[in-house]
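Peer 1: One structure is given below, represented as structure tokens, and several questions about it will come after.
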Amino acid sequence: MNRRHQSGSVFIFTLAVLAALVSVLVVVAGNQRTIVRDVIQRNELERAKRAAETGLQRALAEIVASRESTTGTSSTVTKKPTLSTDSWATLGNRGDEEFEVDDLTFRMQIVDTAGLLNLNSATEAQLQKLPLTTEQIESLLDFREGSRDARPEGAKDEYYNNLTNGYNAKLANFETVDELLLVKGFTADVLYNTVESITSSGLVPGRNGETPILYDLLTAYSFSPEVTPTGTAKINVNAQGTNAQRLRQPPLNFNFQLSNQIAARKNWTLAELLALPGLAGANQQRTVLDNLTTSGAPRIQGKINLNTADESVLSSVPELTPDIVQAILQRQSQGFESLGDVTSIPGMTGTVLQQTAARFTVYSDTFLVRVVGKAGSASVPLEAIVDVQNDRIKVISISTPPYNDMRTRWYWQTDPTATVTIVEKRS
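Per this note's numbering, residue 439 is the first one in the sequence shown, and the count goes up by one each step.
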């Protein structure tokens, strides 16, 4: 009886040990599966990132190629108008084409940042056309401007220093749009989503009649060269070397009285030049817009490209009526070859031209590249700001956007409309 009892106890103990071992094996197997899955996911993420970086390189090559001018056996990068019909603009069909490189894929879109509204140059009147409150507008202006005095609803160091993790107002240009999240009154919801609480009838139009999303409208980096239609530097009327004799020479050919009048002072604005009685005709105004500048800088920050700006951005210019905005949009398919072409737009005459011409350009040196790389079930979005000057291209910044599903945020179709094979899959 004792022996049977002992045998039974041993058997039960053995079963318990086996059960424990099985449990351990199940846990180990589960852990192994988790580890393997994690390794696979990490590997896919790395490969998806590599796919996105490949897409970025493809975009950089296209931006340079679209600006090249070939003469004989040499190629140089020239200042050509930046058009919405250029190859850089159509590459990837605004994100709806998919590119295959072996077993990796990517989708891409290139955006002219001069087609967006620059945070650093937007006027208070332009900001009032956006879905922003007075507090947000005044705080934005206070954050970027050097004055130490805050506006009535704005904020300077005194406000920011008293926050839980205090800091100073920047008092300088924004470097990224995301920096708005440091400004009083701005949240991620304000920046990245449709704001329903702003109901002013003067707001710029958005997609499908909705209030526009700030993230879609803004940039902190856009530069345009100050060049003539032939690609040479514009003549700065405020430079000491620009005398009456220079103004009487081609391509200006100003008469004796007009050239002397302009050369007599060195603080002209473009609006003042266009208002001169001797420059009232369309041909004379075209000459001014195509050949003269009031700045010594080789390129200007924040000008809006007439060729690539959408309805929302153009509508942020208070002096432009809806009819003028629509006329500009219709002309984009043909393209503005020079700034002087704007004089052919109905309504762009007199005071309207004087008030707005200095805000526009037909050139851009800066681009925003949007890419989503994919490998297996993993996808990685990237955004890069790219600057092109002469024959040099520079990536200013590369960032990971704040949302995983950036295809929706960028208004890309869920599934690609076409596939372009760059490198065949290896068997």
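Glycine included, C-beta positions come from ideal geometry on N, C-alpha and C. Keep in mind the model is a prediction, meaning the values are calculated, not measured.
#1: By the 10 Å Cβ neighbour count, where 16 or more other Cβ atoms means buried, how is S512 classified, buried or exposed?
#2: How far does the beta strand (DSSP E) with I860 in it reach, from first residue to last?
#3: Does the structure place the region 771-779 close enough to the region 489-502 that three or more beta carbon pairs sit under 8 Å?
#4: If contacts are defined as beta-carbon pairs under 8 Å, then A682 and N698 qualify, I think. What distance do you get, rounded to the angstrom?
#5: Can you tell me the Cα-Cα spacing of G647 and K518, whole angstroms?
#6: Here's the rule I'm using: 16 or more other beta-carbon atoms within 10 Å means buried, otherwise exposed. How should N691 be labelled?
#7: Given 8 Å as the limit, is there contact between the region 748-762 and the region 778-794, that is, 3 or more CB pairs closer than that?
#8: By a C-beta neighbour count over all protein chains shown, 10 Å radius and 16 as the cutoff for buried, is V833 buried or exposed?
#9: Could you say if the region 536-553 and the region 601-613 meet the contact criterion of at least three C-beta pairs nearer than 8 Å?
#10: Which runs of the alpha helix (DSSP H) spanning at least 4 residues fall entirely within the region 742-818, listed in chain order?
#11: May I ask you to verify whether the region 750-760 touches the region 665-683, counting CB pairs closer than 8 Å and requiring at least 3?
#12: In three-state DSSP terms, what is N676?
#13: What do you reckon, are the CB atoms on L521 and N745 nearer than 8 Å?
#14: Helix, strand or coil for T508, going by three-state DSSP, please let me know.
#15: Could you check whether V628 and L656 sit closer than 8 Å to each other, using their CB atoms as the reference points?
#16: E536 by DSSP, collapsed to three states: which one?
#17: Quick check: the region 548-558 against the region 723-738, are there 3 or more CB pairs under 8 Å?
#18: When you compare the region 529-541 with the region 849-859, are there three or more beta-carbon pairs, one atom per stretch, that lie closer than 8 Å?
#19: Considering only the alpha carbon of each residue, which of E664, W848, A813 and D843 lies closest to T492?
#20: Apart from the five residues on each side of it in sequence, which residues of its chain come closer than 7 Å, Cβ to Cβ, to L730?
#21: Kindly indicate which three-state DSSP category V615 falls into: helix, strand or coil?
#22: Reducing DSSP to helix, strand and coil, say where F624 ends up.
#23: Of the choices V810, S504, V826 and L758, whose alpha-carbon is the least far from that of R485?
#24: What's the gap between the Cα of S837 and the Cα of M844?
#25: Mind checking which residues open and close the beta strand (DSSP E) that includes V390?
#26: What separation, rounded to the nearest whole angstrom, lies between the Cα atoms of T508 and R724?
#27: Are the beta-carbon atoms of A718 and Q792 separated by less than 8 Å?
#28: Please name the residue or residues paired with L555 in a DSSP beta bridge.
#29: In angstroms with no decimal places, state the Cα-to-Cα distance between E562 and P839.
#30: Per DSSP, which one or two residues make a beta bridge with L820?
#31: Can you list, in chain order, the residues of its chain with a C-beta nearer than 6 Å to that of R847? Leave out the 5 residues immediately preceding and following it.
#32: Considering only their Cβ atoms, is the gap separating E757 from V790 smaller than 8 Å?
#33: With a cut-off of 8 Å, do at least 3 Cβ pairs link the region 566-574 to the region 816-836?
#34: Of the residues A796, K622, G640 and T523, which one's Cα is nearest the Cα of N600?
#35: Which whole-angstrom value is the C-beta distance of G553 and N743, which I expect to be below 8 Å?
#36: Given a cut-off of 8 Å on the beta-carbon distance, is the pair V800 and L777 in contact?
Peer 2: Reading from the atomic positions:
#1: Confidence in S512 is poor, its pLDDT being 48 and thus under 50, which makes the residue's placement unreliable; the coordinate value appears in the next sentence. With fewer than 16 Cβ atoms within 10 Å of its Cβ, S512 is classed as exposed.
#2: A856 to V861
#3: The answer is no - the region 771-779 does not touch the region 489-502, with fewer than three Cβ pairs under 8 Å.
#4: At roughly 5 Å, the Cβ-Cβ gap stays under 8 Å, so A682 and N698 are in contact.
#5: 34 Å
#6: Around the C-beta of N691, fewer than 16 other C-beta atoms lie within 10 Å, and the residue is accordingly described as exposed.
#7: yes
#8: Exposed is the call here.
#9: The answer is no - the region 601-613 does not touch the region 536-553, with fewer than three Cβ pairs under 8 Å.
#10: 749-753, 760-769 and 788-794
#11: Contact fails: fewer than three Cβ-Cβ distances are below 8 Å.
#12: coil
#13: yes
#14: Legend: pLDDT at T508 = 46, less than 50; position of this residue unreliable, no value from coordinates given.
#15: Taking 8 Å as the Cβ cut-off, L656 and V628 do not qualify as a contacting pair.
#16: Note: E536 maps to strand in three-state DSSP.
#17: no
#18: Pairwise C-beta distances place the region 529-541 in contact with the region 849-859, as three or more of them are shorter than 8 Å.
#19: That would be A813, whose Cα lies nearest to the Cα of T492.
#20: K672, I673, V675 and L711
#21: helix
#22: coil
#23: V810
#24: 13 Å
#25: Residue 390 is absent from the structure shown; the chain starts at 439 and stops at 865.
#26: At T508, the pLDDT of 46 sits below 50, so the modelled position is not reliable and the matter cannot be decided from this model.
#27: no
#28: L656
#29: 28 Å
#30: V809
#31: Y841
#32: It is a contact, given that the beta carbons lie within the stated cut-off.
#33: no
#34: Here the closest residue by C-alpha is K622.
#35: Contact holds; Cβ gap of about 5 Å.
#36: yes
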